[in-house]
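Have a look at the structure below before the remarks.
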Amino acid sequence: EKINQALLRDDFVIYFQPIYNLQNKKIIKIEALLRWNSSELQLTTSELIAVAEKTGQIIEIDRWVLRNVFKFAYENLREIPCGVSINISVQSLNSGVIIKFLQEALCEFPINPAQIALEITEHSLIDNFENSQKLIRNLKTLGFNISLDDFGTRYSSLNYLSKMAFDCLKIDKSYVDNIATFDKDSLIIEQIIKLAAKLGIKTVAEGIETEMQERILQKLGCDYGQGYYFARPMDKTDILSMVTRDIEFL
Ligand code: C2E
Ligand code: MG
Ligand code: MG
1 EKINQALLRD
11 DFVIYFQPIY
21 NLQNKKIIKI
31 EALLRWNSSE
41 LQLTTSELIA
51 VAEKTGQIIE
61 IDRWVLRNVF
71 KFAYENLREI
81 PCGVSINISV
91 QSLNSGVIIK
101 FLQEALCEFP
111 INPAQIALEI
121 TEHSLIDNFE
131 NSQKLIRNLK
141 TLGFNISLDD
151 FGTRYSSLNY
161 LSKMAFDCLK
171 IDKSYVDNIA
181 TFDKDSLIIE
191 QIIKLAAKLG
201 IKTVAEGIET
211 EMQERILQKL
221 GCDYGQGYYF
231 ARPMDKTDIL
241 SMVTRDIEFL
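Sequential numbering of the sequence shown, starting at 1, is according to the working numbering.
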């Protein structure tokens, strides 16, 4: 339907939100987030993704996003020490087509895979643990980084942390929301951060909206942050000027 047309006409755009070092406030990478310029349909990105997951169109969306993010990184970020994070759907991961899409994109836009982090959600790992484990190992062999997205929203098995080679763990916004008010949530986050550090996994706190939340996370030893308090998702031009401005002061 409308999604197919959008793919054809390039009605989708990619926004980027910075992920920054909580200690020195430098941008370390940017997360690619899909936006749809649809005049007729008012869907949020989450709603769009949910529909596309049902219809199976998510696979074509993932392919489109990968190609366009690689193009962007190839044209703008080759000389810049800034990574890019890309969300990968359950379907593309578990069907294994993601490997093909990544190879396609790399062939057309040869960038260093170490500059790319693939964000995978917990529930993509549940269905078929061994299969996912194998796929993640393959992605790592190709040189990509792997982040576990939305950690804490569903089953949060600590089992994953030791069994899968994640580079980064993204603590879900729902924990960050409560961190200043619920002692228990900050205790849980503190332990997760400590455990991750011991396993050599970096932590990112998602959805930081206040100075207070940022300060607490910093104190708990969280490595990186992301949220409206630091910066909202923005278009290519804005993110590039923000990233290059940041680099000049390195
Ligand atoms: P996510 O990967 O967990 O992305 C973080 C979401 O939190 C983004 O929503 C971002 O705009 C939002 N966010 C960041 N900071 C704050 C904050 O301080 N406050 C609040 N209230 N929200 C904040 P967005 O862009 O609407 O995306 C929603 C979800 O859709 C993403 O969650 C991701 O799972 C999925 N998604 C987005 N882009 C893509 C894509 O290109 N491909 C796939 N497969 N999924 C995508
Ligand atoms: Mg994400
Ligand atoms: Mg998330």
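Glycine included, C-beta positions come from ideal geometry on N, C-alpha and C.
Check, Outcome
"Is the beta carbon of Leu34 sitting closer than 8 Å to the one on Ile14?", "yes"
"Using a Cβ-Cβ distance cut-off of 8 Å, determine whether Gln42 contacts chain D.", "Protein chains in the displayed structure number just one, and chain D is not present."
"Could you check whether the region 164-179 touches the region 195-209, counting it as contact only if at least three pairs of C-beta atoms, one from each stretch, sit closer than 8 Å?", "yes"
"CB-CB under 6 Å to Pro18, same chain, minus the five flanking residues each way: which ones, in chain order?", "Ile27, Ile30, Ala231"
"I'd like to know if the region 69-77 and the region 132-139 are in contact, where contact means that at least 3 CB-CB pairs between them fall below 8 Å.", "no"
"Rank Ile208, Asn178, Val84 by C-alpha distance to the C-alpha of Val243 and give the top, closest one.", "Val84"
"Can you list the residues near ligand 2, meaning Cβ strictly closer than 7 Å to any non-hydrogen atom, in the order they appear in the chain?", "Glu31, Ser85, Asn87, Glu119, Asp149, Lys170"
"Hey, out of Leu217, Phe182, Phe12, whose CA is closest to Ile171's CA?", "Leu217"
"Alpha carbon to alpha carbon, what distance is there between Glu119 and Ser46?", "15 Å"
"Mapping the DSSP letters down to three states, classify Asp150 as helix, strand or coil.", "strand"
"In this structure, does DSSP put Ile80 in helix, strand or coil?", "coil"
"With Thr45 as the anchor, note down where its alpha helix (DSSP H) starts and where it stops.", "45-55"
"If we count the other Cβ atoms within 10 Å of its Cβ and call it buried at 16 or more, is Asn24 buried or exposed?", "exposed"
"From the DSSP output, in three-state form, read off Ala117 for me.", "strand"
"Keeping to the same chain, check which residues put their C-beta closer than 8 Å to that of Ile192; ignore five residues upstream and five downstream.", "Phe151, Gly152, Leu169, Ile171, Thr203"
"Between the Cα of Ile208 and the Cα atoms of Tyr224, Gly200, Ile201, which residue gives the shortest distance?", "Tyr224"
"For the beta strand (DSSP E) containing Cys168, list its first residue and its last residue.", "168-171"
"Is the beta carbon of Ser147 within less than 7 Å of some heavy atom of ligand 1?", "no"
"Could you give the DSSP three-state label for Lys194: helix, strand or coil?", "helix"
"Cα separation between Val176 and Gly227?", "10 Å"
"For Lys219, which of Arg78, Gly143, Ile189, Asp238 has the nearest alpha-carbon?", "Ile189"
"Please determine, among His123, Leu139, Ile86, Asn94, the residue with the shortest C-alpha to C-alpha distance to Gln103.", "Leu139"
"Take Ser124 and list the residues in its own chain whose beta-carbon comes closer than 7 Å to its own, dropping the five residues that flank it on each side.", "Val90, Leu93, Asn94, Ser132"
"Helix, strand or coil, according to DSSP, for Ala165 in the structure here?", "coil"
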